[in-house]
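Structure first, then comments.
Number of protein chains: 2
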Amino acid sequence: MHSFTEENYLKSIYHLLLSKDSATTNEIAAAIGTKAATVTDMLKKLAEKKLINYARYQGVSLTEQGRKSALVIVRKHRLWEYFLVEKLQFKWDEVHEMAEELEHITSVKLIDRLDEFMGCPRFDPHGDPIPDAQGNFKQHESLQPALLLSKGQCAKIAGVTDHSASFLQYLEKSRLTLGQTITVTEVSNYDLSVMVEPSNKEFNISHEVAKNILVLL
Amino acid sequence: MHSFTEENYLKSIYHLLLSKDSATTNEIAAAIGTKAATVTDMLKKLAEKKLINYARYQGVSLTEQGRKSALVIVRKHRLWEYFLVEKLQFKWDEVHEMAEELEHITSVKLIDRLDEFMGCPRFDPHGDPIPDAQGNFKQHESLQPALLLSKGQCAKIAGVTDHSASFLQYLEKSRLTLGQTITVTEVSNYDLSVMVEPSNKEFNISHEVAKNILVLL
DNA sequence: TCATAAATTTAGACTAATCTAAATTTAATA
DNA sequence: TATTAAATTTAGATTAGTCTAAATTTATGA
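Protein sequences, first through last, are from chains A and B. For what it's worth, the numbering used here labels the leading residue of the first sequence as -8, then goes sequentially. For what it's worth, the numbering used here labels the leading residue of the second sequence as -8, then goes sequentially.
What follows is the structure, given as structure tokens:
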């Protein structure tokens, strides 16, 4: 089993590797909120345990074993988030910190029972896919940033790329929550105007916001 | 907030103080599974933080603040055990280790929501009382060891004093679970014979076992 | 391509929690 | 009460994870 700290490193590296194929010491330090020197020490330890591929100054990637371990943590995190929102009625912007602790509860049997108890959900409250017990998961097909929509297009909100509480609260206030259908009524250089259904209220959202909302046509 | 380790010390001291009014260094070491020297260091730290009353060589007791902190941990432990048994279908002998981890999840809001979600249970799966958010709880009135029953008496199983998995499994196999009604049909020097309802099967249980089963008349 | 900036690593130190071994205090009893 | 045994504490060391400051490597661009 891995320590609490090792798990956090694996998880952070996993997330960094979603958008590139090598993560740097500084990026990891920023993600974890620690110093580069500390990261270097931990990278040596994780390499020793064959959880990452590491060569000095060259950045890191996960080994197959490391990826598996990371996916277990991601699975736990997302299932607990689902539990907190669906069973304990927390808002989607409140659950991250709690899930950061709960994801380190070791029992695999517990997480499998929790999964079953909730009906094996495939997506967490932010639209992120929940890996199954084998680490397999499917992202929504054809998910794209709302920014790419053109005038007249209609789409359903299915995810976000910014998970910060402030962004999620902004969306909540604007009724731009998961599952919501939006229609683009206007596109300018500065923002999109969208019609939110079923409330049928019109709305402007900035490029920055539209970039971080993921939709399905 | 207290560290994971500090919480374990407070919890162990709390449990030791249930049957006496001072806990010794060695008792704490045995309860936690560590060495006496280690305990001494931690006792100094807890005393520094005003969580325990400590004088060298004299044993320890909890301060009001220490007791409050211990009760929060006991509350968390027992609510999680209830959740694991009632919602996730674990057996009463399987939940202890998981609850030992879950009890350290910090969020108080989470535990209060969990409490509410489960309908504010007053007793955990072993019959132990669950403190409320203020740390108040009521033990069953007139709870007594089954050992004290005399021939012909009828009583309901409402708790255990031995929480080990092996004891709980033994009881499970013998249908001697919480809520079960038993009638004493015979008392010898070596054991009690009891009639278990509603299965109406007769049974012998040793003094040692009868001592660790708590019943209500 | 060479100087410099940025990124990374190494060296050395710190803290929390732990240990063993030795010293001290308390308790038990002859 | 004096001796010895048991319990407890102190002293000094260890490990995991962290830090700062200095040294090294890589990348940039004049």
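Cβ coordinates follow ideal geometry from the N, Cα and C atoms, glycine included.
Start-to-end residues for the beta strand (DSSP E) that takes in residue i
i         : result
Asp261(B) : Coverage of chain B is limited to positions -8 through 208, which leaves residue 261(B) absent and any answer about it impossible.
Ser60(A)  : That residue, Ser60(A), is in no beta strand (DSSP E); its alpha helix (DSSP H) goes Glu55 to Glu77.
Lys147(B) : Cys145 to Val151
Thr176(A) : Thr172 to Val178
Span of the alpha helix (DSSP H), counted from its first residue to its last, around residue i
i          : result
Glu91(A)   : His87 to Leu93
Leu205(B)  : No alpha helix (DSSP H) holds Leu205(B); the beta strand (DSSP E) holding it covers Ile204 to Leu207.
His(-7)(A) : Careful: His(-7)(A) lies outside any alpha helix (DSSP H) and carries neither H nor E.
Leu167(A)  : Counting along the chain, Leu167(A) falls outside any alpha helix (DSSP H), and DSSP gives it neither H nor E.
Thr16(A)   : Thr16 to Ile23
Contact with chain B by residue i, beta-carbon distance below 9 Å
i          : result
Ile96(A)   : yes
Met(-8)(A) : no
Lys78(A)   : yes
Phe108(A)  : yes
Leu75(A)   : yes
Distance CB(residue i)-CB(residue j) smaller than 9 Å
i         : j         : result
Ala38(A)  : Tyr48(A)  : no
His131(B) : Phe114(B) : yes
Ile121(A) : Leu79(A)  : no
Val51(A)  : Leu62(A)  : no
Thr168(B) : Trp83(B)  : yes
Leu183(B) : Ala149(B) : no
Ser3(B)   : Ala22(B)  : yes
Tyr5(A)   : Val65(A)  : yes
Phe74(A)  : Met109(A) : yes
Gly143(B) : Thr172(B) : no
Simplified DSSP assignment, three categories, for residue i
i         : result
Ser197(A) : strand
Val35(A)  : In the sequence on display, residue 35(A) carries Lys and not Val. Of the three classes helix, strand and coil, the one that applies to Lys35(A) here is helix, per DSSP.
Leu140(A) : coil
Tyr45(A)  : strand
Lys100(A) : helix
Ser52(A)  : strand
Lys192(A) : strand
Gln135(B) : strand
Phe114(A) : strand
Cβ-heavy atom distance, residue i to the ligand GTP, below 8 Å
i         : result
Leu205(B) : Judged by which ligands are present, the structure shown has none, so any question about the ligand GTP falls away.
CA-to-CA distance, residue j to residue i, given in whole angstroms
i          : j          : result
Asn(-1)(A) : Phe(-5)(B) : 17 Å
Ile43(A)   : Asp32(A)   : 13 Å
Lys262(B)  : Glu91(B)   : Residue numbering for chain B in the displayed model covers -8 to 208; residue 262(B) lies beyond these limits and cannot be assessed.
Ser133(B)  : Gly170(B)  : 15 Å
Lys67(A)   : Asn127(A)  : 13 Å
Phe194(A)  : Val151(A)  : 18 Å
Asp103(B)  : Ala124(B)  : 7 Å
Asp153(B)  : Asn203(B)  : 6 Å
Val76(A)   : Ser179(B)  : 56 Å
Ser197(B)  : Lys147(B)  : 18 Å
Ser13(B)   : His117(B)  : 25 Å
Glu18(B)   : Thr97(B)   : 27 Å
Thr174(B)  : Val185(B)  : 5 Å
Glu88(A)   : Gln160(A)  : 15 Å
Met(-8)(B) : Lys36(B)   : 14 Å
Val200(B)  : Cys111(A)  : 41 Å
Glu107(A)  : Leu101(A)  : 10 Å
Lys41(A)   : His95(B)   : 30 Å
Leu208(B)  : Gln56(A)   : 57 Å
Leu8(B)    : Glu72(A)   : 37 Å
Leu1(A)    : Ser155(A)  : 21 Å
Ser141(B)  : Glu163(B)  : 23 Å
Arg166(A)  : Cys145(A)  : 16 Å
Below-9 Å beta-carbon distance, residue i vs any chain A residue
i         : result
Arg104(B) : yes
Met186(B) : no
Leu101(B) : yes
Phe81(B)  : yes
Glu92(B)  : yes
Glu211(B) : A question about residue 211(B) goes unanswered here, because the residues of chain B that appear run from -8 up to 208.
Glu88(B)  : yes
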